[in-house]
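According to this note's numbering, the sequence shown is numbered sequentially starting from 38.
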Amino acid sequence: MSVLIANVALVNRPLFDTYDYRLILKGRKSAAECAYLKGARVLVPFGKSISSLAVIVSLKDHALQQSATLKEAKLLDETGLMGEDVFESVLFGARYYHYPLGQCFFTALPLALREGKSCELARVDLLMLCEDAPARLQKATGKTRIKSPAQLKLLSLLSEEAAGTLAIPVTEARDRGIPPHAITALLDKKLIRRVKSEIDYTTWQEGLKGGSVIKEQGPALNPGQAYAVERVASARGHETFLLYGITGSGKTEVYLRIIEKVLEKGKAALVLVPEIALTPQTFERFHRRFNVPVASLHSALSDRERFETYLNARYGKSAILIGTRSALFTPLPGLGLIVIDEEHDSSFKQGDGFRYHARVLARERARLCNCPLVLGSATPALESIVKAESGEYTRLDLTERAGGAAPPHLKLIDLTTEPLSQGMFCGIGTTLENAIGEETVKGNQVLLFLNRRGYSRHLVCHSCGNIFSCPHCDNLLTVHHEERVLSCHICEYRESLPHICPVCHHAELVETGFGTEQVEEFLKNRYPDVGVERIDRDTVKNRDELEARLEKIRRGQSQIVVGTQMLAKGHDFPDVTLVGIIDIDSGLYSDDFRSLEYTAQLITQVAGRAGRALKEGYVIVQSHHPDHELLYNLIERRSDYLPLVLSLLPLRQQLKLPPYGAQAFLESNSEDRDAAHAFLSTLLTGLTRESLPQGVTLSPVLSDKMEKRHNRFHFHILASGDNETSLAALLDKAVNAVKKGGIPAGVRFAIDVDPLLMI
Ligand code: ADP
Ligand code: ZN
Numbered sequence: 038m039s040v041l042i043a044n045v046a047l048v049n050r051p052l053f054d055t056y057d058y059r060l061i062l063k064g065r066k067s068a069a070e071c072a073y074l075k076g077a078r079v080l081v082p083f084g085k086s087i088s089s090l091a092v093i094v095s096l097k098d099h100a101l102q103q104s105a106t107l108k109e110a111k112l113l114d115e116t117g118l119m120g121e122d123v124f125e126s127v128l129f130g131a132r133y134y135h136y137p138l139g140q141c142f143f144t145a146l147p148l149a150l151r152e153g154k155s156c157e158l159a160r161v162d163l164l165m166l167c168e169d170a171p172a173r174l175q176k177a178t179g180k181t182r183i184k185s186p187a188q189l190k191l192l193s194l195l196s197e198e199a200a201g202t203l204a205i206p207v208t209e210a211r212d213r214g215i216p217p218h219a220i221t222a223l224l225d226k227k228l229i230r231r232v233k234s235e236i237d238y239t240t241w242q243e244g245l246k247g248g249s250v251i252k253e254q255g256p257a258l259n260p261g262q263a264y265a266v267e268r269v270a271s272a273r274g275h276e277t278f279l280l281y282g283i284t285g286s287g288k289t290e291v292y293l294r295i296i297e298k299v300l301e302k303g304k305a306a307l308v309l310v311p312e313i314a315l316t317p318q319t320f321e322r323f324h325r326r327f328n329v330p331v332a333s334l335h336s337a338l339s340d341r342e343r344f345e346t347y348l349n350a351r352y353g354k355s356a357i358l359i360g361t362r363s364a365l366f367t368p369l370p371g372l373g374l375i376v377i378d379e380e381h382d383s384s385f386k387q388g389d390g391f392r393y394h395a396r397v398l399a400r401e402r403a404r405l406c407n408c409p410l411v412l413g414s415a416t417p418a419l420e421s422i423v424k425a426e427s428g429e430y431t432r433l434d435l436t437e438r439a440g441g442a443a444p445p446h447l448k449l450i451d452l453t454t455e456p457l458s459q460g461m462f463c464g465i466g467t468t469l470e471n472a473i474g475e476e477t478v479k480g481n482q483v484l485l486f487l488n489r490r491g492y493s494r495h496l497v498c499h500s501c502g503n504i505f506s507c508p509h510c511d512n513l514l515t516v517h518h519e520e521r522v523l524s525c526h527i528c529e530y531r532e533s534l535p536h537i538c539p540v541c542h543h544a545e546l547v548e549t550g551f552g553t554e555q556v557e558e559f560l561k562n563r564y565p566d567v568g569v570e571r572i573d574r575d576t577v578k579n580r581d582e583l584e585a586r587l588e589k590i591r592r593g594q595s596q597i598v599v600g601t602q603m604l605a606k607g608h609d610f611p612d613v614t615l616v617g618i619i620d621i622d623s624g625l626y627s628d629d630f631r632s633l634e635y636t637a638q639l640i641t642q643v644a645g646r647a648g649r650a651l652k653e654g655y656v657i658v659q660s661h662h663p664d665h666e667l668l669y670n671l672i673e674r675r676s677d678y679l680p681l682v683l684s685l686l687p688l689r690q691q692l693k694l695p696p697y698g699a700q701a702f703l704e705s706n707s708e709d710r711d712a713a714h715a716f717l718s719t720l721l722t723g724l725t726r727e728s729l730p731q732g733v734t735l736s737p738v739l740s741d742k743m744e745k746r747h748n749r750f751h752f753h754i755l756a757s758g759d760n761e762t763s764l765a766a767l768l769d770k771a772v773n774a775v776k777k778g779g780i781p782a783g784v785r786f787a788i789d790v791d792p793l794l795m796i
């Protein structure tokens, strides 16, 4: 028996400190010999709780005088759970983001492991063809014949796979676009059956038995693609690449080819994508191409499915994992590549809790695994562009559309010169209105973007001026006609649409501003025969609904599609020839220093939806400020995205804004306004009592733009530094001050390093 001292981080508590416990192990072992236990879970007595879940951070050899007073930790796992690379990345994340380590582990672990469940491999649900299915299907006639495309697709997938693996996981069927009702229907007809997988620790490499990693050859690469693939494949050890390729230039094809080379070396690949891009088309490309297990992690999975995916990956049964931001924390033995697609996408930064950016932690993980990281985008973030300019990243360019499609024409419409038509009241000027008519007559499709859902923006009483606002937030309520409600888009508070003003009791309520619902109504009346589809969070609640609607659009049932940014990326509609951006002006005059960068990204991404196939496409951008420099350069002068955003850099440099300076918010909130404010005031006084690290400045305690949200009052201090190091020194001091002074009950405190949105 040996006694060690384990330093542990408590998973379910917001504590900046870690704590020592006694750990009793069988056999004689030193701390150094037990390094494999780092990242293992333990149960420890803490405060009033007799068994709190914690993760071992480090181990020391037994020191007699200390251990007598130390309480004992009970080991739950035989080894660390997450592999050294994920474990060390989490440690790095806690340091970089100044976030409590235990809470970082909380983010990194699936729910079942946070609850203390065993991490033994679990059985998963598989689907397979019933033995008599082929014969029965052949004989089927008339009514008994299967006509549902989804059911047919599943049957064909299962007969194809029958030669190899005999069965596919239920989650894979869903990823590949088979909705749950189609699965149930085939189960009911006894054509397929559900079986539990065997518990089998065979890794994907062993399963391949030296066979080919690919099922299907890809197209011959163009020279730009071929160079990119070669360059990444020949990287020695870790290197970060910025794959800058216009929409449709074949970036995904490049990822597939690099992954092929990685798999051939017996290594695994991790692909991170924004939630919005996780479509069956994406998965299908991977499943069709590769002869290895492809797993996925995203919000449409149940907790149990996420856990199973995690375990499969951990035991080396997944060769490729495709997932959203948090998939980054999944262990993958022998990881040989990380790809982040649409690397500029803001969904890679977590907005609450452990506020990490997947790009930052992926880079650390790739460094630890000594493997390449590929960041791909048609509109890279300025942070990444600057790192490529400085040589920290290697830039690879794809400058042509791969399928031979021509880039779309862009047209800027000056709304001030358009007549005040009926359409103008919901943002559709005459030029755009006519263009929609012309394209739909030709049988083409039109996409319209407006990043505002609902019917009208606000409701105001004409008699007394009362504006309807949320009782829980400093936010005005949006009018929804279809559901007849007023709703808060921050906290989802709803009330039924009133007819009289509750203040003055007059019935003169006026709606102002417009959203997607109103645009849809106008277009349905204006073009009654062509079919109008609306895609936003009100019409689409989950992935299956989104997919069902997208499928309708692809089949050409609707010629006009109105949507929010849900529609802006990742989706390929070959018949779209016209894209209209209804309102770009709010992004031009914002007080967020990144708004011009975001606007350039939005226009470029949205434009990428037009003319994807062989039909010529064009884009109409409407603005009341057509002489704005950004619009002028991007649209009239047809400047590319890259030179355009590079021209935004001198101002950033002058003002020491990111990517030249570093920023962080020290944030507090509470239901008690004074308590939230007082906490930050005390912290600020403490920090400024001594001299600040060189090059660091602190703002006063400020209210967030929307101070009250979800009934809590939000305040912040903006900390700016010349560089990351000086800012980190200041944040260390802040954490120490908070550790010493404590956080009053009811107050929440957090640090947001490299915030993406100005609050
Ligand atoms: P991106 O990810 O940059 O938007 P994709 O990889 O999806 O681009 O490619 C766009 C389209 O071009 C896809 O339909 C893809 O199959 C096709 N494509 C990509 N590379 C080639 C190539 N070398 N030859 C022919 N078609 C290609
Ligand atoms: Zn609200």
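Where is the CB? At the ideal position from N, CA and C, for every residue including glycine.
Item	Value
Alpha-carbon spacing of residue 483 relative to residue 600, whole angstroms	11 Å
Proximity test, residue 670 beta-carbon vs the ligand ADP heavy atom, cut-off 6 Å	no
Buried or exposed (CB count within 10 angstroms, at least 16 for buried), residue 510	buried
Any non-hydrogen atom of the ligand ADP closer than 6 Å to residue 190 Cβ	no
Inter-residue spacing [alpha-carbon to alpha-carbon] between residue 41 and residue 99	5 Å
Contacts around residue 269, its chain only, beta-carbon distance under 7 Å, and the 5 residues preceding and following it disregarded	278, 295, 409 and 411
DSSP three-state assignment for residue 436, whether helix, strand or coil	coil
Nearest-angstrom beta carbon gap, residue 310 and residue 378 [assumed within contact, 8 Å]	5 Å
When 506, 264, 385 and 528 are compared against residue 433, the one with the closest alpha-carbon	264
Contact test: residue 439 Cβ vs the ligand ADP heavy atom, cutoff 6 Å	yes
Proximity test, residue 507 beta-carbon vs the ligand ZN heavy atom, cut-off 6 Å	yes
Cα-Cα separation between residue 67 and residue 94, rounded to whole angstroms	16 Å
Sheet register partners of residue 72 (DSSP bridge)	For residue 72, which the question treats as bridged, DSSP gives no partner whatsoever.
Beta-carbon separation (whole angstroms), residue 114 vs residue 77, contact threshold 8 Å	4 Å
Contacts around residue 362, its chain only, beta-carbon distance under 7 Å, and the 5 residues preceding and following it disregarded	309, 384, 385, 387 and 395
Endpoints, the beta strand (DSSP E) within which residue 451 is located	446 to 451
In chain order, each beta strand (DSSP E) run of at least 3 residues that lies wholly inside the stretch 107 to 188	109 to 112 and 162 to 166
Distance cut-off 6 Å: residue 406 Cβ against heavy atoms of the ligand ZN	no
Nearest-angstrom beta carbon gap, residue 682 and residue 643 [assumed within contact, 8 Å]	Incorrect: roughly 16 Å between the Cβ atoms, too far for contact.
7 Å Cβ cutoff met for residue 300 and residue 266	no
Limits of the unbroken beta strand (DSSP E) element including residue 734	733 to 735
Reference residue 447; option with closest CA among 626, 647 and 87	647
Endpoints, the alpha helix (DSSP H) within which residue 413 is located	Per DSSP, residue 413 belongs to no alpha helix (DSSP H); it is in the beta strand (DSSP E), 410 to 414.
Sequence-distant residues of its chain with Cβ nearer than 7 Å to residue 199 (five each side left out)	Reliability of the predicted coordinates at residue 199 is poor, the pLDDT of 46 falling under 50, and no value is obtained from them.
Local conformation of residue 301 per DSSP, three classes	helix
At least 3 beta-carbon pairs within less than 8 Å: the stretch 737 to 747 vs the stretch 494 to 513	yes
Where residue 682 sits in the DSSP three-state scheme	helix
Straight-line gap, residue 143 to residue 778 (C-alpha atoms, nearest Å)	24 Å
Closest Cα partner of residue 656 within the set 664, 671 and 666	671
Cut-off 8 Å between Cβ atoms - residues of its own chain near residue 538, not counting five sequence neighbours on either side	498, 500, 501, 503, 544, 545 and 546
Neighbourhood of residue 318 by C-beta, 6 Å cutoff - its chain only, sequence neighbours within 5 removed	none
Cβ pair residue 530, residue 507 closer than 7 Å	yes
Cutoff 7 Å; reference residue 634; Cβ partners in own chain excluding five residues on either side	419, 682 and 685
The ligand ZN heavy atom lying under 6 Å from the CB of residue 512	yes
Rounded straight-line distance, which links the Cα of residue 486 to that of residue 664	21 Å
Residue 75 vs residue 124 beta-carbon contact at 7 Å	yes
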